[in-house]
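A short write-up of the structure that comes next.
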Amino acid sequence: PIIKQCINHKRDIVNQDQYDQNIRNILNFGHTLGHALESYYDFRMSHGEAILYGMRVASHLSKKANYLNDNDYQRILKLIGTFKLPQLENLEFDQIMSYINSDKKNIGNELNYILLKNIGTAVIEKNYNKDLIKEGLKIL
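To convert, note that position 47 of the sequence shown is 172 in the numbering used here; the numbers rise steadily by one, no gaps.
Quick look at the structure:
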């Protein structure tokens with residue numbers, strides 16, 4: 126039933142925002158960095174794993190921005206931790222940022238990044254500070 130619930134929820138969001146201009150962006154939580162990691166690893170990393178890494182960093186940055194409380198942050202980390210992802214090492218920030226800069230959610234040179242206010246509530250940070258992403262990569 127959970128897969129059916131997720132599909133129905135996604136359908137409802139897509140129906141509200143068919144052109145990916147507003148609320149539909151919440152479905153992109155973890156995807157900005159996740160897609161960059163997929164490209165960085167030449168698609169040898171699965172989509173699901175890449176998005177989990179992206180969700181871990183976005184959650185960390187959400188907590189750092191005082192959006193996400195510690196309890197929700199720990200719940201997210203615990204859930205992501207069940208997947209036993211390996212530690213990523215020697216990431217080349219400039220190369221990862223080149224992939225992030227080509228993300229479809231960006232407008233011009235401005236990075237739009239999805240953070241969480243709490244579990245289930247996302248916020249689109251417009252013109253997000255790319256240095257914060259560099260800091261976030263250190264937790265991987």
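For every residue, glycine included, the Cβ atom is placed at its ideal position computed from N, Cα and C.
| message | Just to check my reading of the structure: histidine 172 and aspartate 228 have Cβ atoms closer than 8 Å, yes? What is that Cβ distance to the nearest angstrom? | response | Their Cβ separation, rounded to whole angstroms, is 15 Å, which puts histidine 172 and aspartate 228 out of contact at 8 Å.
| request: Helix, strand or coil for tyrosine 238, going by three-state DSSP, please let me know. | output: In this structure, DSSP gives tyrosine 238 an extended state, which the three-state scheme calls strand.
| task | Indicate the three-state DSSP secondary structure (helix, strand or coil) for glutamate 217 in the structure shown. | result | Coil.
| Cβ neighbours of lysine 251 in the same chain (closer than 6 Å, five flanking residues each side left out) | Within the same chain, Asn237 come within 6 Å of lysine 251 by CB-CB distance, once the 5 residues on both sides are set aside.
| query | Does the beta-carbon of threonine 246 have 16 or more other beta-carbons within 10 angstroms, so that it is buried, or is it exposed? | reply | By the 10 Å Cβ count, threonine 246 comes out exposed.
| task | Tell me where the alpha helix (DSSP H) around isoleucine 132 begins and ends. | result | For isoleucine 132, the enclosing alpha helix (DSSP H) starts and ends at 127-141.
| said: Measuring alpha carbon to alpha carbon, tell me which residue in Gln143, Leu202, Lys242 is nearest methionine 180. | reply: Nearest C-alpha to methionine 180 among Gln143, Leu202, Lys242: Leu202.
| message | Can you tell me which residues form a DSSP beta bridge with alanine 91? | response | With the chain represented from 126 up to 265, any question about residue 91 goes unanswered, as that position is not in the structure.
| field | Inter-residue spacing [alpha-carbon to alpha-carbon] between lysine 263 and asparagine 147 | value | Cα to Cα, the separation comes out at about 30 Å.
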